[in-house]
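Visitor:
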Amino acid sequence: MNIVNFALICGLLGVAYGMFTTTWVLKQDPGSPRMQEISAAVQEGASAYLNRQYKTVALVGVILFVLLFGLGKYVAIGLRSPVWPMP
């Protein structure tokens, strides 16, 4: 078995395990009304945090793209530049 097949099998096992644990967790009792209220607050906070992270990463990505575009359009989009060929 080569390394590519091994990696594919490991990836498929990981996806299967994720699907199994997701269905198991969703079948569990949601808890008391107080627990559900706390859960909703945690979800709201996590959502706000992730939205802030996405905006920050997008801003950094745009800034890097603009800076790299100064070196050339091929460099900015990650292609090999005809001006600076790779060895």
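End of the sequence shown = 693 in my numbering, gap-free, step of one. Virtual Cβ for every residue (Gly too), placed ideally from N, Cα, C.
1. By DSSP, does Q634 sit in helix, in strand, or in coil?
2. Could you tell me the distance, in whole angstroms, from the CA atom of K633 to the CA atom of L656?
3. Kindly indicate which three-state DSSP category L614 falls into: helix, strand or coil?
Guide: For this structure:
1. coil
2. 26 Å
3. helix
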